[in-house]
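Read through the structure below, which is laid out as structure tokens, and then see the notes.
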Amino acid sequence: MRSQGQDRAPQYYPADIQYGAQIFANQCTACHGTSGDLIPGVNFRAGQFKRVVSDADLRLTITNGVPGTAMQPFAFSASELTSIVSYLRNMSSFDGRGMMLGNATRGQALFAGAGNCSSCHAVNGKGPRVAPDLGDIGALRTADLLHRTLLDPAGSMLPVNRPVHAVTKDGKAINGRRLNEDTYTVQLIDEQEHLVSLTKADLREFTVLKTTPMPSYKDKFSTQELADIEAYLLSLKGVK
Amino acid sequence: MIYSSRKTFLLILALLIPFGIRAQVTPERLLHANDEPQNWLTYSGSYASQRYSLLKQVDPSNVKNLELKWVFQAQSLQKFETTPLVVDGIMYITQSPNDVVALDPKTGRAFWVYHYAPSPAARPCCGIVNRGLAILGDSLFMATVDAHLVAIDAKDGHALWNVKLAEAAAGYASTMAPLVVKGKVIVGVAGGEFGVRGFISAFEAQTGKQAWRFDTIPDPDQPGHDSWRGGDWEHGGGAVWMTGSYDPDLNLTYWGTGNPGPDFNAEQRQGDNLYSDSVLALDPDTGKMKWYFQFSPHDPYDYDSVQVPVLANANWNGSPRKLMLWGNRNGFFYVLDRSTGKFLNGKPFVKVNWASGLDANGRPIATPQPAGVPTYPGIQGGTNWYSPSYSPSTGLFYLSTWENYGTIFEGVKAEYKEGTRFTGGANVSPVPGAENPTGARNGPVNTYTEAMASGGVVALDPATGDKKWKFEMHDVNTSGILTTATDLLFVGGREGYFQALNARTGALLWKQNLGGEIIAGPISFQVDGKQYITIASGNNLFAFALKE
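Protein chains in written order, with the numbering used here: chain A, 14 to 253; chain B, 14 to 561.
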């Protein structure tokens with residue numbers, strides 16, 4: 014859904030709007046009401062605010078609260094803020110009746126079971142380190158980005174995480190996940206989960222792959238299952 | 014043939030390491046850190062905290078050939094006080110406020126960075142600093158300026174658990190590197206300038222579950238409480254902000270404690286104020302105290318006794334004895350029997366006039382100075398928290414000093430209000446009559462020292478407390494010290510020079526201007542056959558090794 018003006022994000026995504034609607038229902042309706050119009054002078058559906066102009070204003074107001082009013086500070090993650098703002102900006106057109114609510118408990122079971130996610134990803138140190146630990150992925154990635162990652166992993170992978178293949182001049186092959194790279198060296202975690210730093214001049218072969226070992230779940234999971242696993246991933250906000 | 018478990022372990026390790034296979038850091042490896050001098054496994058290098066490296070590649074004949082190999086620039090302008098750990102070819106450091114960085118120690122390039130965002134309520138007295146980490150298994154442990162303890166996966170930099178030690182808003186903080194002993198992570202809290210009640214606490218490394226807690230200021234039901242009057246103990250200080258040591262044979266872990274609160278107005282806290290300004294010997298399994306020794310009873314000078322306890326085995330009056338060597342902020346060098354806490358000897362290592370000496374039990378014979386007359390050493394002490402070193406090769410104890418440094422102390426009534434300063438002082442440094450310098454104290458132009466103090470390194474003979482030699486510096490010395498098996502001594506200082514001295518004579522062998530105050534400890538390690546020495550200066554970590 015395209016937004017208007019420079020004060021707003023270029024685009025708001027359905028998954029973010031939907032996640033924002035859930036957060037709003039849990040955290041905001043007690044004061045603002047389900048229609049967002051219970052506070053005098055504020056009407057989210059109509060885009061009416063007291064102070065807020067830009068998306069950045071909205072994020073700051075939610076994070077810091079409004080001193081002297083009942084609007085308290087909220088410690089939302091960046092990804093949660095993106096979702097809430099996306100929802101508030103699209104509240105008038107959002108139709109919650111079509112919302113596919115995910116179940117995080119079912120999602121956790123899929124993560125360990127049918128999805129086979131836990132064969133590569135750890136959560137807060139529990140599991141392998143072949144792929145990045147997802148213990149705080151819900152705070153780092155937006156709902157929309159998680160959704161796209163599950164459908165198109167290669168397209169959404171952070172470039173730094175790309176698989177690398179190296180062969181040293183004495184013939185030793187090293188495969189792993191890239192952690193860092195510069196002109197002369199590359200740092201990675203290898204298949205044995207060792208941190209390895211290689212000097213490129215010592216290598217006979219060095220390749221950074223654009224592919225990913227992570228499968229697409231586009232045809233593997235139903236829409237409901239995708240919603241479930243996304244709900245689980247969004248619940249992972251790191252160790253507090 | 015029967016092999017001891019340690020021999021078997023070392024055999025396995027010796028077989029594994031040449032092939033680049035890395036083992037986890039077991040409790041056994043921490044016990045025998047000296048058997049793997051290529052690594053630096055604890056804040057102070059080993060449980061004895063000698064900061065003595067057995068590596069021999071760099072020696073007095075070739076130290077002049079040291080060259081810079083890499084620089085790591087911290088993403089912070091705060092003081093950079095970190096001592097790195099080096100474990101099987103990976104270096105781990107902290108940078109302000111509470112980041113952990115895993116580095117390649119050959120190139121200085123980062124594998125990963127763990128960011129921890131401390132609460133805005135954090136208010137450490139003296140900078141948003143951190144001094145380093147502890148490791149066990151594949152987990153790193155960091156204490157934070159908002160008084161949490163966090164476990165982090167050493168392979169990928171993700172948090173594993175996070176426990177709150179105390180309320181940051183009440184002035185509690187933690188800036189030290191924790192110490193791991195027998196599967197427990199031991200840590201203390203800072204906050205002596207905020208009227209906190211200090212404690213040392215141990216947590217299970219696997220889970221973060223608290224195993225025990227020792228309050229450094231005893232409550233009415235605890236021994237030592239009669240050293241306080243009324244409710245003064247409730248804000249009695251005794252913070253613990255430097256890393257302790259451990260003697261596995263005695264199964265005792267030793268921790269120094271900080272000033273009583275309020276810092277300077279001793280009038281409003283009558284008594285000896287136990288266990289402030291003391292060393293505590295605790296059972297690491299239970300936290301129960303076996304003995305204590307108080308260096309500065311009823312202290313009005315902020316003479317924190319948080320210095321790292323240095324453990325040495327040496328002859329004392331002709332017989333082998335388990336010693337503890339302690340260069341105290343109060344200006345005295347102490348030798349204690351670490352089995353019992355018995356005082357063996359004590360002697361000033363800088364100008365001292367707050368006490369005329371120590372009695373047979375090591376208690377100071379106090380000589381408070383009249384109003385308006387400077388007390389030596391001044392507020393920052395004759396030394397401070399900077400790690401000393403003991404060399405078993407030379408048998409000498411090495412200490413960074415502030416020389417000819419005094420303060421006119423004046424205590425004033427302090428009102429306790431949670432989270433605000435509770436120091437009770439109207440002190441003056443430097444002494445009246447001296448030109449009062451202005452401007453940057455640690456900047457490129459030194460406007461400070463002539464009116465204030467100078468610095469140095471002293472080599473002390475534990476048998477007598479006498480100085481064997483002294484290396485003089487124009488400015489005060491804020492650096493930790495490293496000695497090596499080739500009788501080298503590495504030390505920095507406020508001026509930003511990083512120096513190598515002959516540990517037997519104090520002669521200068523090599524120096525490099527690094528351009529920023531050195532307020533951290535040097536370490537040495539070896540990777541791929543090359544010995545490195547690193548030191549933090551300004552906001553950078555520098556790594557040196559011999560020219561190819």
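Every residue gets a Cβ at the ideal spot worked out from N, C-alpha and C, and that includes glycine.
| query | result |
| --- | --- |
| Give me the Cα-Cα distance between PRO377/B and VAL253/B, rounded to the nearest whole angstrom. | 22 Å |
| Suppose you measure from the CA of PRO86/A to the CA of ASN39/A; what does that come to, to the nearest Å? | 15 Å |
| Using a C-beta to C-beta distance shorter than 7 Å, which residues of chain A count as neighbours of THR120/B? | THR198, SER210 |
| What does DSSP give as the partner residue(s) for TRP482/B in the beta ladder? | ALA472/B |
| Listing by chain order, which chain A residues have their CB less than 7 Å from the CB of LEU173/B? | ASN137, GLY138, VAL252 |
| For the stretch 147 to 181 of chain B, enumerate the residues whose C-beta is nearer than 7 Å to any C-beta of chain A, in chain order. | ASP166, LYS168, ASP169, HIS171, ALA172, LEU173, TRP174, ASN175 |
| In three-state terms, what does DSSP make of LEU146/B? | coil |
| Counting only beta-carbon atoms, is TRP83/B nearer than 8 Å to chain A? | no |
| Helix, strand or coil for ARG154/A per DSSP? | coil |
| On the three-state DSSP scale, how would you describe ASP112/B? | strand |
| For GLU508/B versus ASP479/B, is the C-beta distance shorter than 8 Å? | no |
| Decide if PRO23/A is buried, meaning its Cβ has at least 16 other Cβ atoms within 10 Å, or exposed. | exposed |
| ASP20/A: which of GLY54/A, GLN35/A, ARG72/A sits nearest, CA to CA? | ARG72/A |
| Going straight from the alpha carbon of VAL158/B to that of GLY204/B, what length do you get? | 10 Å |
| Buried or exposed for GLU280/B, please, with buried defined as at least 16 other CB atoms from any protein chain shown within 10 angstroms of its CB. | exposed |
| By a C-beta neighbour count over all protein chains shown, 10 Å radius and 16 as the cutoff for buried, is HIS160/A buried or exposed? | buried |
| Which residue marks the beginning of the beta strand (DSSP E) containing LEU336/B, and which one marks its end? | 332 to 340 |
| Per DSSP, what kind of secondary structure is ASN174/A in: helix, strand or coil? | helix |
| Cβ of TRP125/B less than 8 Å from any chain A Cβ? | yes |
| Could you check what DSSP says for PRO273/B in three-state terms: helix, strand or coil? | strand |
| Give, in chain order, every residue of the stretch 175 to 201 of chain A whose Cβ lies closer than 7 Å to some Cβ of chain B. | LEU192, ASN193, ASP195, THR198, GLN200 |
| Can you give me, in chain order, the residues of the stretch 530 to 541 of chain B that have a beta carbon less than 7 Å from any beta carbon in chain A? | none |
| Determine, using beta carbons only, whether ILE580/B comes closer than 8 Å to chain A. | Missing from the structure shown is residue 580/B; chain B here goes from 14 to 561 and no further. |
| Name the residue from PRO390/B, THR433/B, GLY528/B, TYR403/B whose alpha carbon lies nearest to the alpha carbon of TRP415/B. | PRO390/B |
| State yes or no: is the C-beta of SER96/A within less than 8 Å of the C-beta of ALA152/A? | no |
| So with Cβ pairs under 8 Å, would you call ALA87/B a contact of chain A? | no |
| Between the alpha carbons of ILE34/B and ASN553/B, how many angstroms are there, rounded? | Here ILE34/B scores only 44 on pLDDT, less than 50, and its place in the model is too uncertain to base an answer on. |
| Going by other Cβ atoms of all chains shown within 10 Å of its Cβ, with 16 needed for buried, is THR212/A buried or exposed? | exposed |
| Please determine, among ARG342/B, GLY354/B, ASN343/B, VAL319/B, the residue with the shortest C-alpha to C-alpha distance to LEU10/B. | The displayed coordinates of chain B run from 14 to 561. Any statement about residue 10/B would go beyond what the structure contains. |
| Can you pull the chain A residues whose beta carbon is under 8 Å from the beta carbon of ALA115/B, in chain order? | LEU208 |
| Pull up the distance between the alpha-carbon of LEU514/B and that of GLY150/B, whole angstroms please. | 36 Å |
| Since PHE362/B contacts GLY395/B with CB under 8 Å, what's their CB separation in whole angstroms? | 6 Å |
| Indicate whether GLY251/B and PRO273/B have their beta-carbon atoms separated by less than 8 Å. | yes |
| Please classify PRO73/B: is it buried, with 16 or more other beta-carbons within 10 angstroms of its beta-carbon, or exposed? | buried |
| With H, G and I counted as helix, E and B as strand and the rest as coil, what does DSSP make of ASP29/A? | helix |
| Do ARG191/A and VAL199/A have their beta-carbon atoms positioned less than 8 Å apart in this structure? | yes |
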